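Enquirer: Those protein sequences? They're chains R and V, same order as listed.
Counting in numbering that gives the first Met the number 0, the first sequence runs from 0 upward without gaps.
Counting in numbering that gives the first Met the number 0, the second sequence runs from 0 upward without gaps.
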Amino acid sequence: MKTAIDRFAERAAAEGLLDVAYTSADSPFGPLLLATTPRGLVRVGLPNQDADELLVDLARRVSPRVIEAPTKLDEARRELDLYFAGKLDRFDLPLDWQLSEGFRLKVLRAIARIPYGQTRNYTQMATKAGNERAVRAAGTACGRNPIPLVVPCHRVLRTGGALGGYGGGLPMKEALLRLEGVLDG
Amino acid sequence: MTELPPFQILIDEHAGEVMAVLRGAVGRSDADDCFQETFIAALRGYPKLSDADNLRGWLLTIAHRKAIDHHRAKGRRPLPVAEVAEVAVEDPEPSEGIWDAVGALPPKQRAAVTLRYASDLPHAEIAAALGCSPEAARRSLHEGIKRLRKELA
Numbered sequence: 000m001k002t003a004i005d006r007f008a009e010r011a012a013a014e015g016l017l018d019v020a021y022t023s024a025d026s027p028f029g030p031l032l033l034a035t036t037p038r039g040l041v042r043v044g045l046p047n048q049d050a051d052e053l054l055v056d057l058a059r060r061v062s063p064r065v066i067e068a069p070t071k072l073d074e075a076r077r078e079l080d081l082y083f084a085g086k087l088d089r090f091d092l093p094l095d096w097q098l099s100e101g102f103r104l105k106v107l108r109a110i111a112r113i114p115y116g117q118t119r120n121y122t123q124m125a126t127k128a129g130n131e132r133a134v135r136a137a138g139t140a141c142g143r144n145p146i147p148l149v150v151p152c153h154r155v156l157r158t159g160g161a162l163g164g165y166g167g168g169l170p171m172k173e174a175l176l177r178l179e180g181v182l183d184g
Numbered sequence: 000m001t002e003l004p005p006f007q008i009l010i011d012e013h014a015g016e017v018m019a020v021l022r023g024a025v026g027r028s029d030a031d032d033c034f035q036e037t038f039i040a041a042l043r044g045y046p047k048l049s050d051a052d053n054l055r056g057w058l059l060t061i062a063h064r065k066a067i068d069h070h071r072a073k074g075r076r077p078l079p080v081a082e083v084a085e086v087a088v089e090d091p092e093p094s095e096g097i098w099d100a101v102g103a104l105p106p107k108q109r110a111a112v113t114l115r116y117a118s119d120l121p122h123a124e125i126a127a128a129l130g131c132s133p134e135a136a137r138r139s140l141h142e143g144i145k146r147l148r149k150e151l152a
């Protein structure tokens with residue numbers, strides 16, 4: 000049965016019918032949900048987020064052709080493993096930005112360029128995205144980042160230095176910043 | 000209209016049953032190919048499906064059509080179905096021997112029997128799947144059961 004289903008997923012991809020492939024991937028924080036379209040990584044679900052809900056959301060916003068196909072995410076999983084092991088400081092994965100648009104998309108693209116081990120604040124991100132007064136909107140863009148970790152919204156702190164929030168929970172944000180050497184400990 | 004769930008849910012919930020139905024309908028060795036055809040056809044049409052209320056029935060209908068296509072491709076034709084008296088029907092124990100016998104039935108009877116016993120579909124849905132009247136579906140079913148009785152007696 001499993002062979003038949005694997006064969007089906009392969010054939011669906013070959014025939015261009017695999018609109019969203021997903022898998023679960025282990026991380027030091029718990030299971031991540033990784034989802035990709037033929038264009039690139041479209042969604043990363045953090046351990047505290049409900050994977051079933053994320054899949055339903057993808058079915059609604061991208062395509063209902065959502066299929067579990069781990070091999071389509073081998074490279075993403077490999078790079079994330081290296082990142083968590085402290086052996087990778089820049090992701091080289093194609094991204095599909097279709098879940099973000101407008102100002103939020105600009106903010107997220109700016110966040111994607113923050114180098115490993117550095118931080119910015121929401122005001123700087125708002126400015127980069129072309130509206131220095133839209134600090135709150137920049138914060139919202141971070142909070143709704145569909146591709147966390149790879150688009151490193153954990154590197155954005157509150158203006159003044161407080162950590163701010165994180166979709167995966169504050170302990171995860173702190174741990175990531177420690178991993179990257181920004182925080183001590 | 001209910002929203003279409005991620006396609007993976009259809010696989011998780013119905014793949015086993017679709018495979019069981021196809022094994023009954025076309026035999027073990029060809030069931031895998033029909034399974035692929037069924038799910039690819041379903042996936043192809045899925046985004047345009049207007050009603051998500053009976054996904055199981057929809058999948059089984061596709062599976063049945065693929066089984067029929069398979070038999071047509073092999074040059075077989077359904078045997079004419081004779082009128083038969085109503086007979087009492089018991090649930091057969093699904094064992095290997097039974098499915099071999101089911102696999103040897105003419106296509107329409109085989110389909111009716113598998114849809115009824117492997118998929119537990121009511122007569123009306125079997126009729127919809129076979130593209131015939133409920134009465135004709137009932138006849139195919141009874142004829143199939145009668146033959147099975149004889150084969151397995």
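Just so it is clear, CB atoms sit at the ideal spot from N, CA and C, and this is done for glycine as well.
Bear in mind that the values here come from a model prediction, so they are computed numbers and not experimental data.
#1: Taking the beta carbon of residue 84 of chain R as the centre, do at least 16 other beta carbons fall within 10 Å, making it buried, or is it exposed?
#2: Applying a beta-carbon distance threshold of less than 7 Å, which residues of chain V neighbour residue 124 of chain R?
#3: From the DSSP output, in three-state form, read off residue 116 of chain V for me.
#4: Less than 7 Å separating the Cβ of residue 152 of chain R from some heavy atom of the ligand FAD?
#5: For residue 57 of chain R, would you say it is in contact with chain V, using Cβ-to-Cβ distances shorter than 8 Å as the test?
#6: In or out: residue 117 of chain R buried (at least 16 other Cβ within 10 Å) or exposed?
#7: Report the residues of the region 5-38 of chain R with a CB closer than 7 Å to any CB of chain V, ordered along the chain.
#8: Taking only three categories from DSSP, how would you classify residue 172 of chain R?
#9: Flag this pair as touching only if the region 111-130 of chain V and the region 138-147 of chain V have three or more C-beta atom pairs under 8 Å; answer yes or no.
#10: Which one or two residues does DSSP pair with residue 21 of chain R in a beta bridge?
#11: May I have the straight-line CA-CA distance separating residue 68 of chain V from residue 65 of chain R, to the nearest angstrom?
#12: With a threshold of 8 Å between beta-carbons, can residue 3 of chain R be considered close to chain V, or not?
#13: Suppose you measure from the CA of residue 152 of chain V to the CA of residue 17 of chain R; what does that come to, to the nearest Å?
#14: Taking only three categories from DSSP, how would you classify residue 43 of chain R?
#15: Opposite residue 155 of chain R in the DSSP bridges: which residues?
#16: When we look at the beta-carbon of residue 171 of chain R and count the other beta-carbons within 10 Å, is it buried (16 or more) or exposed?
#17: Short of 8 Å in beta carbon distance, which residues of its chain neighbour residue 3 of chain V, apart from the five on each side in sequence? Order them along the chain.
#18: In the region 26-49 of chain V, which residues sit with their C-beta less than 7 Å from some C-beta in chain R, listed in chain order?
#19: Scan the region 49-74 of chain R for residues whose Cβ lies nearer than 8 Å to a Cβ of chain V and list them as they occur along the chain.
#20: Can you find at least 3 beta carbon pairs, one from the region 139-147 of chain R and one from the region 94-111 of chain R, that sit closer than 8 Å?
#21: According to DSSP, is residue 94 of chain R helix, strand or coil?
Expert: On the basis of the supplied data:
#1: Along the first sequence, one-based indexing puts residue 84 of chain R at 85. Classification for residue 84 of chain R: exposed.
#2: The count along the first sequence starts at 1 and reaches residue 124 of chain R at position 125. Here the premise fails: no neighbours, minimum Cβ distance about 32 Å.
#3: Within the second sequence, residue 116 of chain V is the residue found at index 117, counting from 1. The answer is helix: DSSP assigns residue 116 of chain V an H, G or I state.
#4: What this structure holds is no ligand at all, so the ligand FAD is not there to describe.
#5: If you number the first sequence from 1, residue 57 of chain R lands on position 58. True, the Cβ-Cβ gap to chain V drops below 8 Å.
#6: In the first sequence, counting from the first residue as 1, residue 117 of chain R sits at position 118. So residue 117 of chain R counts as exposed.
#7: 6, 7, 10, 11, 14, 16
#8: Position 173 of the first sequence, counted from the start, is the residue given in the question as residue 172 of chain R. Residue state, collapsed to three classes: helix.
#9: yes
#10: Sequence index remark: in the first sequence, residue 21 of chain R carries index 22 (1-based). Per DSSP, R/34, R/67.
#11: Taking the first residue of the second sequence as 1, we reach residue 68 of chain V at position 69. Taking the first residue of the first sequence as 1, we reach residue 65 of chain R at position 66. Residue 68 of chain V and residue 65 of chain R: Cα-Cα distance of roughly 27 Å.
#12: Here residue 3 of chain R is taken as the residue at index 4 of the first sequence, counted from 1. The C-beta of residue 3 of chain R comes closer than 8 Å to at least one C-beta of chain V.
#13: Residue numbering aside, residue 152 of chain V sits at position 153 when the second sequence is read from its first letter. Residue numbering aside, residue 17 of chain R sits at position 18 when the first sequence is read from its first letter. Straight-line Cα distance between these residues: approximately 48 Å.
#14: Against the first sequence, residue 43 of chain R aligns to sequence position 44. Reduced to three states, the DSSP call for residue 43 of chain R is strand.
#15: As a first step, residue 155 of chain R must be located in the first sequence, where it is residue number 156. Partner(s): R/119.
#16: Against the first sequence, residue 171 of chain R aligns to sequence position 172. The residue in question, residue 171 of chain R, is buried, as its Cβ has 16 or more Cβ neighbours within 10 Å.
#17: Numbered from its first residue, the second sequence carries residue 3 of chain V at position 4. Excluding sequence neighbours, residue 3 of chain V sits near 45, 46, 48, 51.
#18: Those would be 31, 34, 35, 38, 39, 42, 43, 45, 46, in chain order.
#19: 54, 55, 57, 58, 59, 62, 63, 64, 65, 66, 67
#20: yes
#21: To locate residue 94 of chain R, count along the first sequence from 1; it is residue 95. Strand, per DSSP.
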